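Going line by line, the protein sequences match chains A and B.
Going from the first sequence to my numbering is simple: count from 1 and add 100.
Going from the second sequence to my numbering is simple: count from 1 and add 100.
All C-beta atoms, glycine included, are put in the ideal place defined by N, C-alpha and C.
Since we're looking at a predicted model, the values are computed, not measured.
Take a look at the structure set out below.
There are 2 protein chains.
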Amino acid sequence: MDIEVLNGLLRPKAIAVIGASNAPGKIGYTVVKNLIDSNYQGDIYPINPGSDEILGLKAYPSVLDVPGDIDAAAVVVPAKYVPDVTAQCGQKGVKGLIIIASGFSEVGFTDLEERVVNTAREHGMRVLGPNIVGILSNSDSCNASFAPFLPLPGKAALVSQSGALLIAMDAATYTRRVGFDKLVSIGNMSDVNFADMVEWLGQDENTACISLYIEGLKNGPKFIQAARDAGKPIIALKSGVSAHGAAAAASHTGSLAGSGQVYDAAFQQAGVVRAADLNNLFDRTLALSLQPPMQGDNLLIVTNGGGVGVLATDAAERYGLPLRFAPEDVQEELKKHMPAFGSAKNPVDLTGMAGMDWYQGSTRYAFAHDWVDGLVVLYCETAMTDPVEIAQGIKQAIDESGITDKPVVVSFVGGEQSAEARRWLVEHGIPAYDAPDMAINAIAALREYARNTAEATTPFQRHADVDEAKAREIIAKVRAENSTSLTEVESKVIFEAYGLPVATTRLATSEDEAVKTAEAIGYPVVMKIMSPDILHKSDAGGVKVDIQDEASVREAYTTILANAKAYKADAHILGIAIQEMAPWGTEVILGSIADPTFGPTVMFGLGGIFVEILKDVTFRVAPVSADQGMTMINAIKGAPILKGARGEEPGDLQALSEVLSRYSQMIHELGDEIQESDANPVIVYPEGKGVKVVDARIILKEK
Amino acid sequence: MDIEVLNGLLRPKAIAVIGASNAPGKIGYTVVKNLIDSNYQGDIYPINPGSDEILGLKAYPSVLDVPGDIDAAAVVVPAKYVPDVTAQCGQKGVKGLIIIASGFSEVGFTDLEERVVNTAREHGMRVLGPNIVGILSNSDSCNASFAPFLPLPGKAALVSQSGALLIAMDAATYTRRVGFDKLVSIGNMSDVNFADMVEWLGQDENTACISLYIEGLKNGPKFIQAARDAGKPIIALKSGVSAHGAAAAASHTGSLAGSGQVYDAAFQQAGVVRAADLNNLFDRTLALSLQPPMQGDNLLIVTNGGGVGVLATDAAERYGLPLRFAPEDVQEELKKHMPAFGSAKNPVDLTGMAGMDWYQGSTRYAFAHDWVDGLVVLYCETAMTDPVEIAQGIKQAIDESGITDKPVVVSFVGGEQSAEARRWLVEHGIPAYDAPDMAINAIAALREYARNTAEATTPFQRHADVDEAKAREIIAKVRAENSTSLTEVESKVIFEAYGLPVATTRLATSEDEAVKTAEAIGYPVVMKIMSPDILHKSDAGGVKVDIQDEASVREAYTTILANAKAYKADAHILGIAIQEMAPWGTEVILGSIADPTFGPTVMFGLGGIFVEILKDVTFRVAPVSADQGMTMINAIKGAPILKGARGEEPGDLQALSEVLSRYSQMIHELGDEIQESDANPVIVYPEGKGVKVVDARIILKEK
């Protein structure tokens, strides 16, 4: 990362506003005024060939006339002037352009946008935008945008692909009391994209949590890497996940929305926490920016009301943190802080009589206890207790416990007094919500962050015992034949080159060769027609199974050829494949796609109805480690079947996860060539007996 | 419904407060003070043997000393005095008791509670509580509770099983701006339960929407009927749906939490809309109390921001209202209210330039168009447009359209100005939210209400061609044998009595009888051991299939008996069942349970892994019509399999839905006897070819 350059762009010490104006209502006026109003401490250079002074500041005809250095230039001139302006900025040694102007790729002028970016790159400049609102930073007192004010101060940074949403969210930070240090509008992402922003914000001392509003990523793998390396929580609201929504997002931003499922996988692999909707983005950002991750599953709930306790318990299950009863010693101690009819289990019900003392006593003890990985304190407003006093009691107890490596989240349900207590808590670093479910959802975000980070950091170890050259040789041969479709035999050679356990399959081009091959492989065998023109071999009568001897091989050879001719007279027949007949087991499917955003992506699912009817599949961006392969196996609903749920022997999941890893390495390393592939079926045998790839298919990219 | 009595309890013209007190802090003081402070217009009679005057009102030693009539008595004396007080109230002719006092069944004193209810019933009184906060009503200016003030006025009524939550929600009505006319705390439900409240609120002119916080219902079928008859929207937040949550709810209220899935089914059958959490209860109540149901699936979204438009589109899919593009003529007209780069599809994107005029013009036209079943208007706060002005423009357009039978819901995302616009809209009858997803969720509630109402009103037509007497005869015979477990043959006779297509099965007690029976049924047949001591017939070698002739019948008879003896020497053998061998088809399962809350409940699912691994089943409280049976079939994930998704012939769903209806009638009519039953497997044949119940099982209730 060209950190100095990005610092210049995103934390500039001097800003030029190119297209500055004295006319209120013009963006060139608003941006200069916002910089002044935000108390920006750097130099502001309004650029306008027709004015000497703008809003009390000396104006210059061009950046080349400015005496001092310029870090960033906010560009608000019409799109057609931007290439020239960019060249001038390059000459001046500007580090980055904040191109607020619109009229580029979002309306089809992709060439114009490319010209600007190329010019900028020639001069070592970075470009934010075009088609953006600008950048806002509390810690730099810098509002270089046309959004009317800086957000409520806080520790999060928001990067938004929608400018309109950024402006509305800016205002909403005050009504929702969720603070941000920075808001960055990323627009067309002609140069600086989400990966760049995550990388840069990862090292920014004023950012504790990175919040993203994403319609479509560019360069998915780079984003995944940046997110893994960021070392701080990232939360993403991804829109355009519905089919209709994807169409709307595409028309809106011009970027590919991508498949929802692949995004799901990629975010998980990247350690990114998801927001379900806009409210959830605010709510989870608050927790992630104020509290540490939750490192284990033991959630303790302390409450003064049974009703909110039960709602929180339901929510805990819904959000993946089902409650467990607290250990005996914990219950015994907690009993001291409640009346006889209270409950010290989990939720810990202090009863409606609970005032500050009981809340403080129970919270101090529970938060410090080793068993507790995270604490949620619920309060239901009563007529007898003071919410603010209780809030202060909770805060004091947390401080006194001396624990800083586990999270606490609070919910106060009630009216204005509870709202005041929540504001006080948030100002003192404790996320507070107006509903119990929300507090649970928030602490679940902290748990997800810890879990996703664990998955994200599972290292992929490249398998060295592969023969990439052999694979590429086959591919070159197919390319030379002007084909993009590999036969089963060709596909299997490549699979074998990556150490995948394929059912041995050899091509025979004569009856005698068929017999020789069958004998080499060993009976029983399967025989299948090999023709680029016959895709559905069974329909063509092109498959015979369980062939036990020489006579049957000869008979099958003749029959299959005759059937194929009858099915399609002009079919180009390559020969007949002789295949080892794999014994029966549980069928699974591996597949791969070349995702437009994330590149080679592996799919896993159980065969038959599980894939066809239930769409019970899971994705990961390649490559994946065997550990991640195991996570994939466990992610499908039908996983119990592989584990022997129906009284059968558990399958060899170790071998299967290894196969997933090798397969993912294959599609990753050959990602420049392979468009899609599958291994279908793959038979999983009982533990220790391995798996077998029965059929294989590879389709190459059109070039 | 004893409407006069319930009116006396819930809209009293004169209230006695038994246990009234002059001591601030005592509930007897608070309740009197709250009645005075709420400007209650009826008579207030403080009852306290030790005081002449309480809070400026004349006090009486007992209700019997009060000169005027008393409609309701709020009871705040300690639990042990409540029976005497109840008797006095009965003598006085009080209509209903609001028993705020606690110390009854919730802490194990069930007898005490029963005594109170029995005494009340003897005098024709109804009892609300005990263990409640009280009742609050804006339209009656009546705060007969210890909650500190009346809620924000509105058109909804809340009935809460948790008193603490009711108090907190009372305060929250002001901060959330969701108005209620009434809040009713229902506590232990010793007498008045949710069904009574729904019935009474159904006819209450000041209630437009009934909101329920439920931990556990009593008398589920009565609740379903009351909800169906209410004729206005009902929304329920059901807690205790997780296993741990159910345990917490049970310890909290003493009522059975019931199975989440059966509640889901019952609410759907009752036409009740669900709330996902506490926020959702508020948010959906707002929409249901202000807007009419949405009668079709065509949702149109108008927006000024692509970002919120895409988020709303995703939400529409998530909440069961996937968007469709508006028809050409609609698009053409809408194009007039936006710049060239806007979009008239769906979402209709007026662009960030949209001011009041465009919003007004597009909304007026769209809302009046026949294609549109419901409208969501989104606004993303900008620096150039005035939210309040736009809100007023939208309201005016809706009014001018003259349409009142379809819903409109609005979202304004932004800061204080948007909040003001939302408040203005809500005050003018248009539900307004701070996030686009929430507006969609709210209009989805209005759609769910219309859909659920349709399912709730599908009438069950009793099948008259059943032989209940025959069924009861079999049951009586089994009871006479001191058994609760029917054999397959006995179960099938009952199934047949209800017109269910069972595979013919007859018991043979000798080899010759077996042969005669097999010949009567027709070959091939299946033979199975019949013994109350052998439940897993296959494991015992007690099943032989595909028996083709007399010799095989004789051989099977001997073998099965020998196997059974070997399996369990002392097993009581009833004989061997000879069964028609049903041809192969798609296997489904019907089952029934006696739900503690809802009574006989029917389950449906696909056989095999679908039930065992995926728990892909659906429930309905019995009885169900064939139409509802069809809804059940469509409700399972595996439904496409029954419809021929895998290239097979579509199954006879007509026959299957009829079977579901008859089966549900059987378990309903014999609900006093049957504990559980199943038909497993039931084979579904291609369209027009019917279904066949292959195996059947009935277990009777312990008596």
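Query raised in the report: Whose CA, out of Gly263/B, Cys309/B, Val784/B and Leu110/B, lies closest to the CA of Ser241/B?
Result: For the purposes of this step, residue 241/B is taken as residue 141 along the second sequence, with counting starting at 1. Nearest option by C-alpha distance: Leu110/B.
Query raised in the report: How is Asn243/B classed by DSSP in three states: helix, strand or coil?
Result: For this step, residue 243/B is matched to residue 143 along the second sequence. Residue state, collapsed to three classes: strand.
Query - Ser804/A: first and last residue of the uninterrupted beta strand (DSSP E) it sits in - result: The question about residue 804/A has no answer, for chain A in this structure spans 101 to 803.
Query raised in the report: Would DSSP call Asp143/A helix, strand or coil?
Result: Here residue 143/A refers to the residue found at position 43 when the first sequence is read from its first residue. If DSSP states are grouped into helix, strand and coil, Asp143/A belongs with the strands.
**Report entry** Simplified DSSP state of Leu258/B, which is helix, strand or coil
**Finding:** Position 158 of the second sequence, counting from 1, holds the residue named residue 258/B. Correct three-state label for Leu258/B: strand.
Query raised in the report: Is Ala735/B close to chain A, meaning its C-beta is less than 9 Å from at least one C-beta of that chain?
Result: Translated into the one-based positions of the second sequence, residue 735/B becomes position 635. Closer than 9 Å: no.
Query - Classification of Phe441/B by the beta-carbon crowding that lies within 10 angstroms, buried from 16 upward - result: Stepping through the second sequence from its first residue, residue 441/B is reached at position 341. Exposed: under 16 other Cβ atoms inside 10 Å.
Query raised in the report: Is Phe425/A helix, strand or coil by DSSP?
Result: Stepping through the first sequence from its first residue, residue 425/A is reached at position 325. DSSP places Phe425/A in coil when its eight states are reduced to three.
Query raised in the report: For Thr353/B and chain A, any beta-carbon pair shorter than 9 Å?
Result: Indexing the second sequence from 1 puts residue 353/B at position 253. Any reading at Thr353/B must be qualified, since the residue scores a pLDDT of 36, below 50, and its modelled position is unreliable; the value itself is stated next. It does: the Cβ of Thr353/B has a partner Cβ on chain A nearer than 9 Å.
Query raised in the report: So does the region 425-445 of chain A actually touch the region 560-567 of chain A, counting three or more Cβ pairs closer than 8 Å?
Result: no
Requested in this report: Mind listing the chain A neighbours of Thr482/B? Cutoff is C-beta to C-beta under 9 Å, in chain order.
Outcome: Position 382 of the second sequence, counted from the first residue, corresponds to residue 482/B. Per Cβ cutoff of 9 Å: Ala264, Ile267 and Ala268.
Report task. List the DSSP bridge partners of Glu776/A. Result -> For the purposes of this step, residue 776/A is taken as residue 676 along the first sequence, with counting starting at 1. In DSSP, Glu776/A forms a bridge with Ile693/A and Ile799/A.
Requested in this report: Please classify Glu213/A: does DSSP put it in a helix, a strand, or coil?
Outcome: Within the first sequence, numbered from 1, the residue matching residue 213/A stands at position 113. Helix, per DSSP.
Query raised in the report: In chain A, which residues lie with their C-beta within 8 Å of the C-beta of Glu516/B?
Result: For this step, residue 516/B is matched to residue 416 along the second sequence. Within chain A, the residues near Glu516/B are Ala271, Tyr274 and Thr275.
Report task. Please state whether DSSP places Arg547/A in a helix, a strand or coil. Result -> Taking the first sequence and counting its residues from 1, the one referred to as residue 547/A is at position 447. Correct three-state label for Arg547/A: helix.
Query raised in the report: Under a three-way DSSP split, which group does Thr718/B fall into?
Result: Sequence index remark: in the second sequence, residue 718/B carries index 618 (1-based). Strand.
Query raised in the report: Taking the continuous alpha helix (DSSP H) assigned at Ile136/B, which residues delimit it?
Result: Taking the first residue of the second sequence as position 1, residue 136/B is located at position 36. From DSSP, the alpha helix (DSSP H) with Ile136/B extends over Ile127 to Asp137.
Query - Sequence-distant residues of the same chain with beta carbon closer than 6 Å to Gly354/B, five excluded per side - result: Position 254 of the second sequence, counted from the start, is the residue given in the question as residue 354/B. Because the pLDDT at Gly354/B is just 33, under 50, the model does not fix this residue reliably, and the point stays unresolved.
Query raised in the report: Relative to the ligand SAM, is the shortest distance from any of its heavy atoms to the C-beta of Asn398/B smaller than 8 Å?
Result: This structure does not include the ligand SAM; it has no bound ligands of any sort.
Requested in this report: Give a yes or no on whether the minimum CB-CB distance between Phe280/A and chain B is below 9 Å.
Outcome: Working through the first sequence from its first residue, we reach residue 280/A at position 180. It does not: the Cβ of Phe280/A has no partner Cβ on chain B nearer than 9 Å.
Report task. Taking Met538/B as the query, report the chain A residues whose CB atoms sit under 7 Å from its CB, ordered along the chain. Result -> Residue numbering aside, residue 538/B sits at position 438 when the second sequence is read from its first letter. Asn379, listed in chain order.
Query raised in the report: When you compare only the Cα positions, how much space is there between Tyr465/B and Trp471/B?
Result: In the second sequence, the residue the question calls residue 465/B occupies position 365. In the second sequence, the residue the question calls residue 471/B occupies position 371. Going by the C-alpha atoms only, they are around 11 Å apart.
Query raised in the report: Do three or more CB pairs link the region 765-778 of chain A to the region 727-736 of chain A at distances below 8 Å?
Result: no
Query raised in the report: What is the rounded straight-line gap between the Cα of Met703/B and the Cα of His437/B?
Result: In the second sequence, residue 703/B corresponds to position 603, counting from 1. In the second sequence, residue 437/B corresponds to position 337, counting from 1. Roughly 52 Å separates the two Cα atoms.
Report task. Could you give the DSSP three-state label for Asp565/B: helix, strand or coil? Result -> Stepping through the second sequence from its first residue, residue 565/B is reached at position 465. It is coil, neither helix nor strand.
Query - beta strand (DSSP E) segments (min. 3 residues) lying fully within the region 385-465 of chain A - result: 399-403
Query - Cβ-based contacts, 8 Å cut-off: residues of the region 397-410 of chain A near chain B - result: Asn404, Gly405, Gly406, Gly407, Val408, Gly409 and Val410
Query raised in the report: When you check each C-beta in the region 196-209 of chain B against every C-beta of chain A, which residues fall closer than 7 Å?
Result: Val207
Query raised in the report: What did DSSP end up calling Ala357/A once you bin it into helix, strand or coil?
Result: Start at 1 with the first residue of the first sequence, and residue 357/A comes out as number 257. Residue confidence is low: Ala357/A scores 35 on pLDDT, short of 50, so the model does not pin down where it sits. Its coordinate-derived value is still stated next. It is coil, neither helix nor strand.
Report task. Could you have a look at Thr275/A and say whether DSSP puts it in helix, strand or coil? Result -> Position 175 of the first sequence holds residue 275/A. If DSSP states are grouped into helix, strand and coil, Thr275/A belongs with the helices.
Requested in this report: Find the residues of chain A that neighbour Glu213/B, judging by a C-beta separation of less than 9 Å, and give them in chain order.
Outcome: If you number the second sequence from 1, residue 213/B lands on position 113. Residues of chain A passing the Cβ test: none, with the nearest at roughly 16 Å.
**Report entry** Coarse secondary structure for Met703/B, derived from DSSP in three states
**Finding:** Your numbering for residue 703/B matches position 603 in the second sequence. Reduced to three states, the DSSP call for Met703/B is strand.
Query raised in the report: Within 9 Å (strictly less), CB to CB, does Thr584/A reach chain B?
Result: As a first step, residue 584/A is located in the first sequence; it is residue number 484 there, counting from the start. Judged by the 9 Å Cβ criterion, Thr584/A is not in contact with chain B.
Report task. Can you give me the Cβ contacts of His352/B inside the same chain, cut-off strictly under 6 Å, excluding the 5 residues immediately before and after it? Result -> As a working mapping, residue 352/B is identified with position 252 in the second sequence. Because the pLDDT of His352/B is 41, which lies under 50, any placement of that residue in the model is unreliable, and the question is left without a value.
Query - Buried or exposed by the 16-neighbour rule on C-beta atoms within 10 Å, applied to Met484/B - result: Counting from one through the second sequence, the residue named residue 484/B turns up at place 384. Exposed, by the Cβ-count rule.
Query raised in the report: Closest Cβ-Cβ distance between Val46/B and chain A: below 9 Å?
Result: Missing from the structure shown is residue 46/B; chain B here goes from 101 to 803 and no further.
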